[in-house]
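Inspection log for the structure reproduced underneath, given as structure tokens.
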Amino acid sequence: MNFIKATNMFKKITPPLIVLAMSATITPFTFADDFIISTDITEQNGGDILDGDDIITITETGSVTINTSTTRALRADGTFNTLINNGTIETAGTASYGIYSNDGNNTLTNNGAITTTETSSHGLYGRDGSNTLTNSEEATITTTGNSSTGLYAREDSNIVINNGTISTSGSGSDAISADSQTGADDNTLTNTGTINLSGEDSYGLYAFGTNNTLTNSGSVIMTGSNSLGLAATGDLNVLTNDGSVTTSGDESYALGAAGNSNTLTNNHLISTDGAEGSGLYVLGDANTLDNNGTIETNGESAYAIYLEGELNTVTNAGDITTTGDYAYGIYSAENTTTNGTISIGNSGTNGAISIENSGTISTTGDYAYGIAALVNNSTIVNSGNISTTATSTFGLYSYGSANTLSNSGTIATSGESADGVYINGDNNEFLNEGTITTEAGTGIYTYGDEQTITNAGSITTGGSAAYGIDVRGDSNEFTNSGAIATYGESAYAISINGDNNELTNQGTLATVDGVGVYIFGDGNTLTNTGTINTGGQYAYGVTLEGSSNTVINNGTIITNDSYSFGLDSYYEEENTLINNGSITTNGERSYGISSDTSNNTIVTNTGSITTANTGSHALFIYSDTNTITNSSSLATSGSEAHGVDVSGDSNEITNSGSITVTGSASHGIYLADDATNTTITNSGMISATGEGGYAILGSDTTDTTVNLLAGSVIVGEIDLGGTTDNDTLNIVFNSDSISNSTLAFSNVENVNVTGDLGVGIVTNNGIITLDTANETSRSSALASSTASIHNIARQRMLANNKPADSALTAALELSPSMLYQEQAPVFWSQVFGGSLSHEETDTASAYDTNHLGFTLGYERDFQQSRMGLMLGLVNTTTDSTDSFENTTSSFYTGAYYSKKLGWMDISSSLLAGYATNDNKRYVNGSETAKSDFTSVYLSPSVTASSTYIVVDNVEIRPAASLDLTLAQLSSYKESGTTASDLDVDSRNLQSLRATIQLATIYHFSESMNTSFTAGISALNTNDEDISLSVDGNSLTYSADNGTGTTPFVAVDFNMVDYNDFNISVGLSAGSNSDESYTNGHLDVQYQF
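Residues in the sequence shown are numbered from 16 upward in steps of one, following our numbering.
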């Protein structure tokens, strides 16, 4: 575009026409009434001039030929004349016109053929305004001289129409023109026919003035340079193309306006082929440009739509296609004019325009632009389709400040170094809710400060170093809630180069061989609540180069190839890396968080970091004076993959979460040889279970301090390295924390133990602590199950010793006896179960015991007494969450006996059992020590009771009983842990339970009753001490012996003698400060 010529491109003002009344060869004018020319003549009007209200007509057989200059074939002076050519008019002299009107309100019509051949010779010419000039359908006007016009109207309110064909070939020659020295207003210029312009500087339809209307619904064809199809100079003009406008010369425009508040509309077809051509072109302010049709440009540096000025509005709802290099779909520039020179303004206070594309813009040349705006304070909206296919092109280009840009449509580039959106300037806003796709360029490129960029749509790039978003500048705000994907090598989803920028990712960032987010600069902040997924070697989720940057990950970061990092800080100092979400690496030598040569960095993990391959560390810190904090989860599964890998001076590591490594030669925390003055404080879990792995492995030559606070769980050994340094291990035990744990250490020069160890073993190279509930719970569990079995026999005997005519009553814990009556033999079965919960003590964790059993029995009368035999199975499970789980399967047999002695009933039972025990003891929260052993037990019981009838249907039954249980447990050896397998000696158990109770029985009928029982039981245990050893170190500790009393209640329901079947069901519950229990039973017997 020739910007210097652009301001003067529109029409020169034609000088006033001088009409000669006579000449050396012209007869003086005479005025005549209407006349008709039907023959060939060669002088002006045959010597006659119309003077008003007259008509002159050239018939189809008539013709006028002019061979002299400044001559008119037909002329009218005055108003309301009508001049019609149905024949032929030819002029061959300079400034000679075909039909001429010297005054206004005349009608000039050509229905035939008019030809002019010299300079400044017009076909139809009307002066003084309000004239009507018409070139009818089938009519032709041809000019070949320079500065010659087909239809030319002067002054205001003219109507100029071409329905036929107008052809001009001279330079500066127009088809239709309306102007005056000071401007022609309110003119209507219409072309429905064909206009052919072959000379340079020629216009199809042209108006100079205001409120002019130019309309083309026909065809305008221009082949010369610097030509325009429809053009207006002035304000408030309306230019409309409903037909076709075609240019092939350089610097030629289809529709153009120089002025303010003009409206240019294309509803059909515009095509330009020359260099620096334009479809719609305006210079000025507050203009409106609309394209609802098709605009095609094929030349270099061509513009489909071009505008310079302020407050202009561009709307494209049609199709725009450019094929030349340096071509633009829509181009806008603010401008100021000084001495004829146009310069691009950048004050930020002028140049406001509006561009809206809801149609299609397509470019195929190099260095081409879909939309280009060199403006300030403007609005650019794309809701349509923009595509470019060549090198170094732009879909949407903005150069200026305080602009508002948005894309809800599609922007696609396919050439190398072709960007989707380019924004250069300050305080701009861009919102993408649509689709941006590039094959070898950046999706969005911004250069400037304090810009606001939002992506809520999708951005996809291909090609090497093709970024999704490239931000360069300071104090910018960027938010991604959409999807950004890059597929090229070293292609970043988001790149920030500058200081104090704020970036928020709420969407998805995906790279095949690149970086999720790259930040170069100081004081930048990145918050990720979405997903960042990278592929390819040396690919980073987030990487920093600069100081005082902050990265907060609340979402998900995944890397999938080797030598890749989740979060990385490289060079400079005082960065902050925070992970509250999830970081996963899957390749070799890939790190969750890395800080390399970046001192004074704060690394905090409250989320999860997982690595899954060789040499891949969760945290990799190789710099000085860093602060590393983990309060959640670090996990690695590859060989030589450490939870925390540290090198450098004066680093501080704090772990209150979990660090878990499972691969060979993988360490929970690894300190390199130059990791000097490192301090490790742990109150969480550090676990290394792979071969050759250490929970903490220190350096051979540097001083290290390890603080193990209460709550610490260490799986694996601590080796602080060497004997020439001065390492310190501080261990704090808390009696409130009860667990099975093992701490093994070596090469520690100073070991300090504080707090209450509880039950444990201290050796020169380790400490083992035990949850005593694993062993002390065995007596309670056995007493609970044997009590349920004794109650089975007890309830049967008490029921047999009832007064005459009373109903059966069975209680869960104890049931009162009843008066003895002879009974038939009985086979019976019973299902029983119970649950006991024991509270935590100083050395034992809380635990639960549940048992479930089944019994078969037979009983009969024997010498005024009742006796029976029984056998059964009972399964008992005792467990404490995260501490142990013991399962006992027991087979038992027994006998029971009942005898009435006066006012008192005596019943007794004897049990003998054999059990297998499977045990699991959980160590350090990650290892399981397994063992199994056998045990035998013997348990006698005796009960004394009486039954009293209070009133009809109501009885009371007091009772007292004693249950003794003796058991022997065999020794056992554990397996399954690295350094915590115990050898436990055999030992004996003894428990004695005493119970007193009172039952109230209500008889609904002879065959149905219910009972309610209240009582209290006391359990005393007197077990032998537990003796064990581990790796030659012995420990003996006391069982949890003592006496506890428990009040209880029970309810039973009995239905007897129903088709020789008796059914009984019951439930009991008891509780004290140390334990609570619930037992139940279901009894079915058959009498024969």
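Using N, Cα and C, we set each Cβ at its ideal position, and we do this for glycine too.
DSSP three-state assignment for residue i, whether helix, strand or coil
| i | result |
| --- | --- |
| Thr704 | coil |
| Asn620 | strand |
| Gln810 | helix |
| Thr86 | coil |
| Thr892 | strand |
| Ala861 | coil |
| Ile753 | coil |
| Leu886 | strand |
| Glu560 | strand |
| Ser347 | strand |
| Ala656 | coil |
| Thr74 | coil |
| Leu797 | helix |
| Asn231 | strand |
| Ser577 | coil |
| Thr791 | helix |
Close-in-space but distant-in-sequence residues of the same chain around residue i (CB under 6 Å, 5 per side omitted)
| i | result |
| --- | --- |
| Glu58 | For Glu58, the predicted model reports a pLDDT of 49, less than 50, meaning its position is unreliable and no value from the coordinates is stated. |
| Asp1089 | Glu854, Gly1059 |
| Tyr341 | Glu315, Ser316, Tyr382 |
| Thr677 | Ser652, Thr704, Gly705 |
| Gln466 | Asn443, Asn491 |
| Thr261 | Ile236, Ser286 |
| Gly622 | Asn594, Asn595, Gly596, Ser597, Ser647 |
| Gly380 | Thr338, Gly339, Asp340, Ala342, Ala405 |
| Leu1097 | Val846, Val1080 |
| Tyr321 | Ser293, Tyr296, Tyr346 |
| Ala115 | As written in the sequence, residue 115 is Tyr, which differs from the Ala given in the question. So the qualifying residues of the chain are Arg87, Arg90, Tyr140. |
| Ser510 | Tyr482, Asp485, Tyr533 |
Beta-carbon proximity check, residue i vs residue j, cutoff 7 Å
| i | j | result |
| --- | --- | --- |
| Tyr553 | Gly529 | no |
| Asn418 | Asn397 | no |
| Asn767 | Asn745 | yes |
| Leu541 | Leu518 | yes |
| Thr902 | Asp933 | yes |
| Gly581 | Thr600 | yes |
| Asn117 | Thr94 | no |
| Ser698 | Leu724 | yes |
| Gly430 | Gly458 | no |
| Ser913 | Val957 | no |
| Ile695 | Ala710 | no |
| Asn400 | Thr425 | yes |
Distance between beta carbons of residue j and residue i, contact taken as under 8 Å
| i | j | result |
| --- | --- | --- |
| Thr469 | Thr494 | 5 Å |
| Gly144 | Leu123 | The pair is not a contact, with the Cβ atoms about 13 Å apart (cut-off 8 Å). |
| Thr526 | Thr546 | Contact doesn't hold; Cβ gap of about 12 Å is too wide. |
| Gly274 | Asp250 | 5 Å |
| Asn512 | Val486 | 7 Å |
| Leu686 | Thr719 | 6 Å |
| Asp171 | Asp189 | No, Asp171 and Asp189 are not in contact; Cβ-Cβ is about 18 Å, not under 8 Å. |
| Ile52 | Ile73 | 5 Å |
Counted within 10 angstroms of its Cβ, other Cβ atoms place residue i as buried (16 or more) or exposed
| i | result |
| --- | --- |
| Gly663 | buried |
| Asn1003 | exposed |
| Tyr1092 | buried |
| Gln1012 | buried |
| Ala1084 | buried |
| Asn422 | buried |
| Thr356 | Its pLDDT being 26, under 50, Thr356 is placed unreliably in this model, and the value from its coordinates should be taken loosely. Looking at its Cβ environment, which holds fewer than 16 other Cβ atoms inside 10 Å, Thr356 is exposed. |
| Ile130 | Strictly speaking, residue 130 in this sequence is Thr, with Ile absent from that position. Label assigned to Thr130: buried. |
Residues of its chain near residue i, where Cβ-Cβ distance is below 7 Å and the 5 sequence neighbours each way are ignored
| i | result |
| --- | --- |
| Gly707 | Ser679, Ala680 |
Close-in-space but distant-in-sequence residues of the same chain around residue i (CB under 8 Å, 5 per side omitted)
| i | result |
| --- | --- |
| Ser990 | Ala944, Lys945, Ser946, Asp996 |
| Glu1039 | Arg1002, Asn1003, Leu1004, Ala1054 |
| Gly185 | Thr134, Thr158, Thr159, Gly160, Asn161, Ser162, Ser163, Gly214, Ser217 |
The ligand GTP heavy atom lying under 6 Å from the CB of residue i
| i | result |
| --- | --- |
| Tyr140 | This structure lacks the ligand GTP; in fact it carries no ligand of any kind. |
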